[in-house]
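Residues in the sequence shown are numbered consecutively from 429, following our numbering. For glycine and all other residues, C-beta sits at the position ideal for the given N, C-alpha and C. All of these numbers come straight from a predicted model, not from anything done at the bench.
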Amino acid sequence: MSELLALGFMRNAFLAGMLLSIVLAVVSFFVVLRRFSFIGVGVAHSAFGGVALGVLLGISPVLSALGFSVAVANAIGWISRRKDISTDTAIGIFFALAMALGVIFIGISGRYNVDLFGYLFGNILAITRQELVIVCVLGILVLAGIILFFKEFLFIAFDQEVARVNGVPVTLLDHFFLTLLAVAVVISIKMVGIVLVSALLVIPGAAASQVARRYGAMIGVSIAVAVISTTGGLVLSYYADLASGAVIVTLAALLFFIAFGLGRLKKTPR
Numbered sequence: 429m430s431e432l433l434a435l436g437f438m439r440n441a442f443l444a445g446m447l448l449s450i451v452l453a454v455v456s457f458f459v460v461l462r463r464f465s466f467i468g469v470g471v472a473h474s475a476f477g478g479v480a481l482g483v484l485l486g487i488s489p490v491l492s493a494l495g496f497s498v499a500v501a502n503a504i505g506w507i508s509r510r511k512d513i514s515t516d517t518a519i520g521i522f523f524a525l526a527m528a529l530g531v532i533f534i535g536i537s538g539r540y541n542v543d544l545f546g547y548l549f550g551n552i553l554a555i556t557r558q559e560l561v562i563v564c565v566l567g568i569l570v571l572a573g574i575i576l577f578f579k580e581f582l583f584i585a586f587d588q589e590v591a592r593v594n595g596v597p598v599t600l601l602d603h604f605f606l607t608l609l610a611v612a613v614v615i616s617i618k619m620v621g622i623v624l625v626s627a628l629l630v631i632p633g634a635a636a637s638q639v640a641r642r643y644g645a646m647i648g649v650s651i652a653v654a655v656i657s658t659t660g661g662l663v664l665s666y667y668a669d670l671a672s673g674a675v676i677v678t679l680a681a682l683l684f685f686i687a688f689g690l691g692r693l694k695k696t697p698r
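This is the structure:
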């Protein structure tokens, strides 16, 4: 382990991975609790359109992806409130549109040499000190937002109508959470990529739901799954010379299956 930490890029990767693991794990708790898994997938893939827009305009792809993803997440939230359009339909429309726009923007820009593979599948080993600072600042803001409105988010997840009757601004907080979700997705692109980030929005919370029942315990297990899969995935990918994002997600999935098995054992009558 000391050998890995002696390398500057590995230190950056571990620091970013640890923070992003905590952020994604906490967001994952609410994503699973509110059944927002497909929304996470839609927002994650919409980031591709934002990245391509940044390439076209000659600005930071991360910043353009941030604005694009926040807009898409809130558009999905707004449209899904209409009675004549289901949430799945809204997500499907924006999912396809964002990916199509991404291909069009890349085609117009003519810059096919952009590291699209890195954005699609992640390359946390290539994260720079400047990117690490951005990840830390935005990650802390996401956590602060969730902590600030934790009780309200939990109330809404439990019963929206009762929360609304009790004066909780459900619609406003829904859009605020979707914004936090979009920010968490974008800052995680460098770690696991657009294609795989949706997995880390679901797997930690899903694993926690199998072995824990209290909210505090669920969040703790969710964080543990994310941290173990990230740190373990970085170590394994380094020595096996494999893509770090794919190894991280695979390890997280294995932890989910272990948690699923333990959950079945706990429920089996003796």
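Opening and closing residue of the alpha helix (DSSP H) in which residue i lies
{"i": "Ala-501", "result": "489-507"}
{"i": "Thr-556", "result": "Where Thr-556 is concerned, there is no enclosing alpha helix (DSSP H), given that its DSSP letter is neither H nor E."}
{"i": "Phe-523", "result": "515-537"}
{"i": "Phe-464", "result": "That residue, Phe-464, is in no alpha helix (DSSP H); it is neither H nor E in DSSP."}
{"i": "Leu-664", "result": "643-668"}
{"i": "Arg-510", "result": "Element bounds for Arg-510: n/a, residue is neither H nor E."}
{"i": "Gly-550", "result": "Here Gly-550 belongs to no alpha helix (DSSP H), and DSSP marks it neither H nor E."}
{"i": "Phe-583", "result": "578-586"}
{"i": "Gly-633", "result": "631-639"}
Straight-line Cα distance separating residue j from residue i
{"i": "Val-455", "j": "Ala-480", "result": "26 Å"}
{"i": "Leu-629", "j": "Ala-635", "result": "11 Å"}
{"i": "Ala-671", "j": "Leu-664", "result": "10 Å"}
{"i": "Lys-618", "j": "Gly-689", "result": "31 Å"}
{"i": "Glu-589", "j": "Val-596", "result": "10 Å"}
{"i": "Leu-443", "j": "Ile-575", "result": "21 Å"}
{"i": "Gly-673", "j": "Ile-552", "result": "7 Å"}
{"i": "Phe-685", "j": "Ser-650", "result": "14 Å"}
{"i": "Ala-528", "j": "Ser-657", "result": "32 Å"}
{"i": "Ala-453", "j": "Ile-532", "result": "33 Å"}
{"i": "Val-570", "j": "Gly-470", "result": "19 Å"}
{"i": "Gly-691", "j": "Phe-578", "result": "26 Å"}
{"i": "Ile-536", "j": "Arg-592", "result": "46 Å"}
{"i": "Phe-604", "j": "Phe-586", "result": "17 Å"}
{"i": "Leu-447", "j": "Asp-512", "result": "40 Å"}
{"i": "Thr-515", "j": "Ile-507", "result": "8 Å"}
{"i": "Met-646", "j": "Val-500", "result": "29 Å"}
{"i": "Tyr-643", "j": "Tyr-547", "result": "33 Å"}
{"i": "Val-677", "j": "Gln-558", "result": "25 Å"}
{"i": "Gly-530", "j": "Leu-491", "result": "15 Å"}
{"i": "Ile-519", "j": "Gly-660", "result": "33 Å"}
{"i": "Ala-668", "j": "Ala-572", "result": "36 Å"}
{"i": "Ile-615", "j": "Ala-640", "result": "28 Å"}
{"i": "Val-563", "j": "Gly-648", "result": "22 Å"}
{"i": "Ile-711", "j": "Asn-594", "result": "Nothing about residue 711 can be reported from this structure: the residues present for the chain run from 429 to 698 only."}
{"i": "Ala-610", "j": "Gly-538", "result": "27 Å"}
Residue i versus the options, residue with shortest Cα-Cα distance
{"i": "Val-561", "options": "Ala-441, Lys-694, Leu-690 and Thr-517", "result": "Ala-441"}
{"i": "Asn-517", "options": "Gly-505, Asn-594 and Met-527", "result": "A small correction: the amino acid at residue 517 is Thr; Asn does not occupy that position in the sequence shown. The shortest C-alpha separation from Thr-517 is found at Gly-505."}
{"i": "His-473", "options": "Ser-497, Phe-464 and Ser-492", "result": "Ser-497"}
{"i": "Leu-608", "options": "Gly-445, Phe-458 and Met-438", "result": "Phe-458"}
{"i": "Arg-462", "options": "Phe-583, Phe-549 and Asp-669", "result": "Phe-583"}
{"i": "Val-598", "options": "Arg-509, Tyr-666, Tyr-547 and Ser-465", "result": "Arg-509"}
{"i": "Gly-633", "options": "Leu-491, Leu-448, Val-563 and Ser-465", "result": "Ser-465"}
{"i": "Ile-534", "options": "Gly-550, Ile-467 and Leu-485", "result": "Leu-485"}
{"i": "Val-460", "options": "Ser-626, Leu-662, Thr-678 and Val-611", "result": "Ser-626"}
{"i": "Ile-467", "options": "Gly-546, Val-613 and Gly-538", "result": "Val-613"}
{"i": "Phe-549", "options": "Ile-631, Gly-538 and Ala-475", "result": "Ala-475"}
{"i": "Val-675", "options": "Gly-621, Tyr-643 and Leu-693", "result": "Gly-621"}
{"i": "Thr-374", "options": "Tyr-667, Leu-491, Met-438 and Val-611", "result": "As displayed, the chain neither begins before 429 nor continues past 698, which places residue 374 out of reach and without an answer."}
{"i": "Ala-554", "options": "Tyr-666, Ile-631 and Arg-641", "result": "Tyr-666"}
Cβ-Cβ separation, residue j to residue i (assumed contact under 8 Å), whole Å
{"i": "Leu-601", "j": "Phe-581", "result": "7 Å"}
{"i": "Gly-482", "j": "Ser-488", "result": "6 Å"}
{"i": "Val-451", "j": "Gly-567", "result": "5 Å"}
{"i": "Leu-624", "j": "Val-653", "result": "About 15 Å separates the two Cβ atoms, so there is no contact after all."}
{"i": "Gly-477", "j": "Ala-524", "result": "Rounded, the Cβ-Cβ distance is 10 Å, inconsistent with contact."}
{"i": "Ala-680", "j": "Gln-638", "result": "In fact, because the Cβ distance is near 13 Å, the residues do not count as touching under 8 Å."}
{"i": "Phe-522", "j": "Ala-493", "result": "Not really, about 14 Å apart at Cβ, beyond 8 Å."}
{"i": "Gly-445", "j": "Leu-662", "result": "6 Å"}
Any non-hydrogen atom of the ligand PLP closer than 8 Å to residue i Cβ
{"i": "Lys-618", "result": "You won't find the ligand PLP in this model; it holds no ligand whatsoever."}
Jot down the residue ranges of each uninterrupted beta strand (DSSP E) in the stretch 597-626, minimum 3 residues, whole runs only, in chain order.
-> none
In the stretch 670-698, which residue ranges form an unbroken alpha helix (DSSP H) of at least 4 residues, counting only runs that do not cross its ends?
-> 672-695
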